[in-house]
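Each remark here refers to the structure printed beneath this line.
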Amino acid sequence: MVEFPGRGCADGVRDADPVARTRAHDPSSCIWRACSVELGRDMIKLIATPGSRAAGPIGRALIAAAAFLVFGIAPARADRADDAKDVVADATDTLRYFASDRNYSGLWDLMDEAKALVVIPKSVRAGFIFGGSGGNGVMIARGGEAGWSEPVFFRISAFSFGLQAGGEVSEVVLVVMTDRGVRDLLNTSVKLGADMSVAAGPVGGGAKAATVDVLAYSRSQGVYGGVTIEGGVLKVNNKWNEAYYGQEVEPRDIIERRAVSNSASAPLIKAAALLATKD
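Next comes the structure, spelled out in structure tokens:
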């Protein structure tokens, strides 16, 4: 039998109280993540030990398992909440930019009627606009006197951008103009142009909303105005929602019931309120 050296996480968990032992078997717990990383490191040490029985095919299997434990599940789960906060921060920067540039006054004029905003920040540019591998964004909705909601996270894929003029798309804001559009977005997934209508946002002062569910604006290099989006698929990212709010939560609990909150959302909500007051 191959034995792992030293006394570590496994021994500590065995000696711990029943609650800790239960959490050690829960992949979402910090104890489980710590044990996974420690186990992976012990496996790597064992593989590197001269004369170890963990050689040949066994060693190769252990290498794969160790890499999975140390570099795979544990960091991914641990970092999910931080990644979500980064997207919120990037989305905040995007809204601040749109609020500061008068070339987007057409967007400003729509804010009185807007039901929600979907913000796809610059952080996703390399991920899906050019690479085609997907990206992340957030949706916030207006709730009367309650103001703008906390964000719901989305996974975004299959976008095809058609600029009204040449240039590079780097950030996108989708202005949701109908209650139906908000309801559709809170479903499992929605395809723009198929499940809901979408058009390029009007530019210039005094812009009027078209009879569509979503109007799209982009920040581009040297180009101001709307952007047409075909085939974009937005899917609620429940894992990020759970990580960000620290509990399982449905999109409607966030948008409609206002059942959860995170202090990291405050700058984003403030940026949306500022955009809504521009004239």
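If you're matching positions, the sequence shown starts at 2 in my numbering and goes up one per residue.
Where a beta carbon is used, it is the ideal one built from N, C-alpha and C, also for glycine.
query: With respect to the alpha helix (DSSP H) encompassing Lys240, which residues constitute its N-terminal and C-terminal limits?; result: 239-246
query: Taking all protein chains shown into account, decide if Asn188 is buried (16 or more other Cβ within 10 angstroms of its Cβ) or exposed.; result: exposed
query: How is Glu151 classed by DSSP in three states: helix, strand or coil?; result: coil
query: Taking Lys236 as the reference, give the member of Ala92, Asn104, Met140, Thr179 with the closest Cα.; result: Met140
query: With burial defined as no fewer than 16 other Cβ atoms inside 10 Å of the residue's Cβ, what is the status of Gly107: buried or exposed?; result: buried
query: Hey, out of Glu151, Arg103, Thr278, Tyr218, whose CA is closest to Val177's CA?; result: Tyr218
query: So, does the stretch 106-121 touch the stretch 272-280, judging by three or more C-beta pairs under 8 Å?; result: yes
query: Looking only at its own chain, which residues have a Cβ that is under 8 Å from the Cβ of Asp254, when we skip the five neighbours before and after it?; result: Ala260, Val261
query: Following a CB-centred definition, is Asn238 positioned closer than 7 Å to any heavy atom of the ligand SAH?; result: Ligands displayed in this structure: none; no statement on the ligand SAH is therefore possible.
query: Look up Asp27 in the DSSP assignment and say whether it is helix, strand or coil.; result: Confidence at Asp27 is low in this model, with a pLDDT of 46, below 50, so the placement of that residue should be treated as unreliable; the coordinate-derived value is given next. It is coil, neither helix nor strand.
query: Buried or exposed for Asp83, please, with buried defined as at least 16 other CB atoms from any protein chain shown within 10 angstroms of its CB.; result: exposed
query: Indicate the three-state DSSP secondary structure (helix, strand or coil) for Lys86 in the structure shown.; result: helix
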